[in-house]
Amino acid sequence: MKEATYLPIAMRLDDARTLVIGGGQVAANKLRLLLGRCPDIAVLGQIDDHEIAQEVASGRVTHLGDEIAPDTLAGLMPGMRLVFAATGDFALNRTIAAMAQSLRVAICVVDDPEPSSFITPAIIDRTPVQIAISTNGAAPVLARRLRTQIEALLPDGLSRLARFMQAQRAWIKQAQPDTQIRRRAWENFVDGRGAEQALQGDDMAARQSLEDALTGAPMQGEVWLVGAGPGDPDLLTLAALRLMSNADSVLYDQLIPPAIMDRVRRDAERVFVGKKRSKHTLPQDGINEELIRRAKAGERVLRLKGGDPFIFGRGGEEMEALVDAGVTVRVIPGITAASGCGAAAGIPLTHRDCAQSCIFVTGHARADGTLNLDWTSLAKKGQTLAIYMGLAPMADLCAQLMAHGLPPEWPAAVIEQGTRHDQRVHVATLATLPTLVIERGIVSPALTLVGEVINHRRLIHHQEA
Ligand code: SAH
Numbered sequence: 078m079k080e081a082t083y084l085p086i087a088m089r090l091d092d093a094r095t096l097v098i099g100g101g102q103v104a105a106n107k108l109r110l111l112l113g114r115c116p117d118i119a120v121l122g123q124i125d126d127h128e129i130a131q132e133v134a135s136g137r138v139t140h141l142g143d144e145i146a147p148d149t150l151a152g153l154m155p156g157m158r159l160v161f162a163a164t165g166d167f168a169l170n171r172t173i174a175a176m177a178q179s180l181r182v183a184i185c186v187v188d189d190p191e192p193s194s195f196i197t198p199a200i201i202d203r204t205p206v207q208i209a210i211s212t213n214g215a216a217p218v219l220a221r222r223l224r225t226q227i228e229a230l231l232p233d234g235l236s237r238l239a240r241f242m243q244a245q246r247a248w249i250k251q252a253q254p255d256t257q258i259r260r261r262a263w264e265n266f267v268d269g270r271g272a273e274q275a276l277q278g279d280d281m282a283a284r285q286s287l288e289d290a291l292t293g294a295p296m297q298g299e300v301w302l303v304g305a306g307p308g309d310p311d312l313l314t315l316a317a318l319r320l321m322s323n324a325d326s327v328l329y330d331q332l333i334p335p336a337i338m339d340r341v342r343r344d345a346e347r348v349f350v351g352k353k354r355s356k357h358t359l360p361q362d363g364i365n366e367e368l369i370r371r372a373k374a375g376e377r378v379l380r381l382k383g384g385d386p387f388i389f390g391r392g393g394e395e396m397e398a399l400v401d402a403g404v405t406v407r408v409i410p411g412i413t414a415a416s417g418c419g420a421a422a423g424i425p426l427t428h429r430d431c432a433q434s435c436i437f438v439t440g441h442a443r444a445d446g447t448l449n450l451d452w453t454s455l456a457k458k459g460q461t462l463a464i465y466m467g468l469a470p471m472a473d474l475c476a477q478l479m480a481h482g483l484p485p486e487w488p489a490a491v492i493e494q495g496t497r498h499d500q501r502v503h504v505a506t507l508a509t510l511p512t513l514v515i516e517r518g519i520v521s522p523a524l525t526l527v528g529e530v531i532n533h534r535r536l537i538h539h540q541e542a
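In the working numbering, the protein residues as written are 78 to 542.
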C-alpha cells in the first residue's frame with residue numbers, strides 16, 4: 078500500500094454528532110477525546126468499561142444499544158461527523174470501516190490506519206492551546222514520547238496566558254487599528270515580562286505591560302536568580318529551562334558547565350563573571366552593579382548559579398542589592414551540591430541508624446587561611462556534615478574535627494565533579510582524607526561528606542569505587 082500522508086487540522090465538533098463503536102477500554106480512550114469537545118456523543122456496543130458506563134449514566138453520552146448490527150449502522154452513520162471503530166475485533170472493525178467509507182463518513186479504526194480516513198494525533202491539551210503530534214500513524218509510541226518531551230517545556234500557566242490574550246483582543250483592536258503595530262505589541266508582550274505575569278496569574282500587571290507594549294513605553298527589565306543544579310543538565314528545573322530560553326543576557330561563573338550553557342538561548346549575551354580564587358574575578362559589587370545596569374536598560378538578565386542560589390552562592394546578597402535598587406527579581410531554586418552529590422554517589426544524607434541531621438557548612442577559609450567554624454557542634458556523632466568549598470583547607474578541617482572529638486577512623490568522603498560525567502567518589506577517613514586529596518589530585522568543584530552515612534553507600538549506575 079502506498080504510504081498515506083495526512084493533513085493535521087483542528088475540527089469543530091460543537092454542532093456535531095459522533096459515534097464510538099465498542100464498549101471496552103479502547104473505546105473509552107476515544108470517548109475521552111470527544112468529551113468536552115462534542116456535545117452529542119453516541120456509543121454502540123456492549124459496555125464493559127466503567128468510565129463509559131459512568132458517562133452514559135450521567136447522560137453525557139447516549140447508549141444506542143448492545144448489538145452492532147449492519148442495519149443499525151447503515152441507519153446511524155450518515156448522521157455522524159466522525160465514527161470511531163473501537164470494538165477490539167479486527168475483522169468487525171474492518172467491516173465497519175468499509176461501510177463508513179462507502180457512505181463517505183469519516184472513520185477512524187483504532188490501531189489500524191489502513192482502512193481509516195482519519196487518525197488521532199497525540200494531544201497536549203492546555204485549552205485553548207492544543208498541540209497535536211502525528212507521525213502519520215507510523216510510530217504512535219514515538220509520538221507519545223515526543224508529547225512528554227514537549228509537555229516538559231510548556232509553562233504551567235499556558236492556558237491562563239492564552240485566555241488572558243484572548244480577553245484583551247477586543248479592546249486592543251479598538252485602541253490600535255494598525256495591524257502591524259498591534260502585532261509588534263503582541264510580540265513584545267509575549268517576549269517580555271507581561272507574558273510571565275499572565276502565566277503567574279497577575280492579570281493586572283500583565284495588562285499594564287500590554288498597554289506599555291502598545292504605547293511603545295520602554296520594556297522593564299528584571300533579574301532572574303536561577304539555580305542550575307550541580308552540573309548534570311537533566312537536573313535543571315523546568316522553570317530554570319524556561320527562563321534560560323527567554324533571557325536577553327546571562328551572567329555565569331565557572332560552576333556552570335558547557336552542557337548547561339548550551340541550553341541558554343542562543344542569541345543571549347554571555348558574560349563570564351569569574352573564576353573563584355583568581356585575580357580575574359569580577360568582585361561581588363561589580364556583579365551587582367552589572368546586574369542592576371542591565372535590568373535598568375530593559376534586559377531580562379539571567380544570573381545563573383551553580384546548585385541553589387541561596388546556598389553558599391551569595392544569591393542573598395545579589396537579591397538584596399537588586400531589590401534595594403528597585404529591580405524586580407525572581408528566584409528559582411536549584412538542586413544543591415549536597416543533594417546532587419549524595420544521589421549520584423549513592424550516599425544518603427540522613428539515615429535512621431546514624432544521622433538525624435545534616436549540616437551544610439562552608440569550608441571557605443578566611444583571608445589568613447584559617448577556618449572559623451563552630452568545631453564543637455560540628456565534631457559530633459549522629460549527624461552528617463556536607464562541607465562546601467572544603468578542598469583547600471582539608472588538612473585543617475580534618476585535624477579540627479579530630480581535635481574536637483571525632484575518631485581518626487570516622488568516615489569521610491569527597492565527591493569530585495558530582496553528577497557530571499567525570500564524577501569521582503573518594504571514600505576515606507578523617508585521618509587519611511587530606512593525603513588522599515593530594516595523592517589523587519582531586520580538583521574543584523568537590524564536596525566533602527563526613528559521617529557514618531558513608532558506610533551506607535551503595536554503588537549505583539556505573540560508578541567507580
Ligand atoms: N550554590 C551552590 C554552592 C556554591 S559554593 C550549591 O548550592 O551547590 C561552591 C561549592 O559547591 C564548591 O566548592 C563545591 O564544594 C560545591 N559544589 C558545587 N557543585 C559541585 C559538584 N558538581 N560536585 C561537587 N561539589 C560541588
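We put the beta carbon where it would ideally sit given N, CA and C, even for glycine. Here the structure is a predicted model, which means the values were calculated and not measured.
Cβ shell of residue i (< 7 angstroms), same chain only, five flanking positions each side left out
i, result
"ARG371", "GLY298, SER326 and VAL378"
"GLY375", "PRO295, MET296, GLN297 and GLY298"
"ALA252", "LEU291"
"GLU80", "none"
"LEU238", "ALA272, ALA275 and LEU276"
"ALA229", "LEU315"
"LEU312", "GLY306, ILE412, GLY417 and THR496"
Residue i CB to nearest heavy atom of ligand 1 below 6 angstroms
i, result
"TYR465", "yes"
"ALA93", "no"
"PHE389", "yes"
"ASP385", "yes"
"PRO511", "no"
"THR447", "no"
"GLY308", "yes"
"ALA422", "no"
"PRO522", "yes"
"CYS418", "yes"
"GLY495", "yes"
"ALA414", "yes"
Whether residue i touches residue j by CB criterion (7 angstroms)
i, j, result
"LEU219", "VAL303", "no"
"ALA422", "VAL502", "yes"
"ALA463", "LEU483", "no"
"PRO307", "GLY495", "yes"
"LEU507", "MET471", "no"
"LEU526", "ALA476", "no"
"THR95", "ARG158", "yes"
"ASN213", "TYR329", "no"
"SER521", "LEU448", "no"
"ASN532", "PRO485", "no"
"VAL530", "PRO425", "yes"
"ARG224", "ALA199", "yes"
"GLY383", "ALA305", "yes"
"GLY122", "GLY100", "yes"
"CYS435", "THR405", "no"
"ALA316", "ILE409", "yes"
"VAL103", "GLY165", "yes"
"CYS115", "ALA130", "no"
Own chain partners of residue i with C-beta closer than 6 angstroms, once the 5 adjacent residues on each side are dropped
i, result
"ILE598", "Outside the shown range of the chain (78 to 542) lies residue 598, about which nothing can therefore be said."
"GLY459", "GLN433"
"ILE364", "VAL350"
"ALA119", "LEU96, THR139 and LEU141"
"LYS107", "VAL97, PHE161 and ALA163"
"ALA336", "PRO310"
"ARG407", "TRP301"
"ALA149", "Checking the sequence, you will find Thr at residue 149 rather than Ala. Closer than 6 angstroms at Cβ, skipping near neighbours: no residue."
"ASP385", "GLY304, PRO410, GLY411 and THR413"
"MET321", "ARG340 and VAL341"
Own chain, CB closer than 8 angstroms to residue i, minus 5 neighbours either side, in chain order
i, result
"HIS481", "TRP452, THR453, LEU455 and ALA456"
"PHE437", "ILE388, PHE389, THR413, ALA415, ALA463 and TYR465"
"ALA175", "PRO192"
"ILE86", "none"
Closer than 7 angstroms to chain B by CB, residue i
i, result
"GLY165", "The structure shown contains no chain B; it holds only a single protein chain."
Any 3 or more C-beta pairs closer than 8 angstroms across the segment 253–269 and the segment 284–297: The segment 253–269, when compared against the segment 284–297, does touch it at the 8 angstroms Cβ threshold.
Does the segment 144–163 touch the segment 177–189, meaning 3 or more C-beta pairs lie closer than 8 angstroms? Three or more beta-carbon pairs separated by less than 8 angstroms link the segment 177–189 to the segment 144–163, which places the two stretches in contact.
Whether or not the segment 400–407 and the segment 335–347 are in contact is what I'm after, with contact meaning three or more pairs of Cβ atoms, one per stretch, closer than 8 angstroms; do they touch? With contact defined as three or more Cβ pairs closer than 8 angstroms, the segment 335–347 and the segment 400–407 are not in contact.
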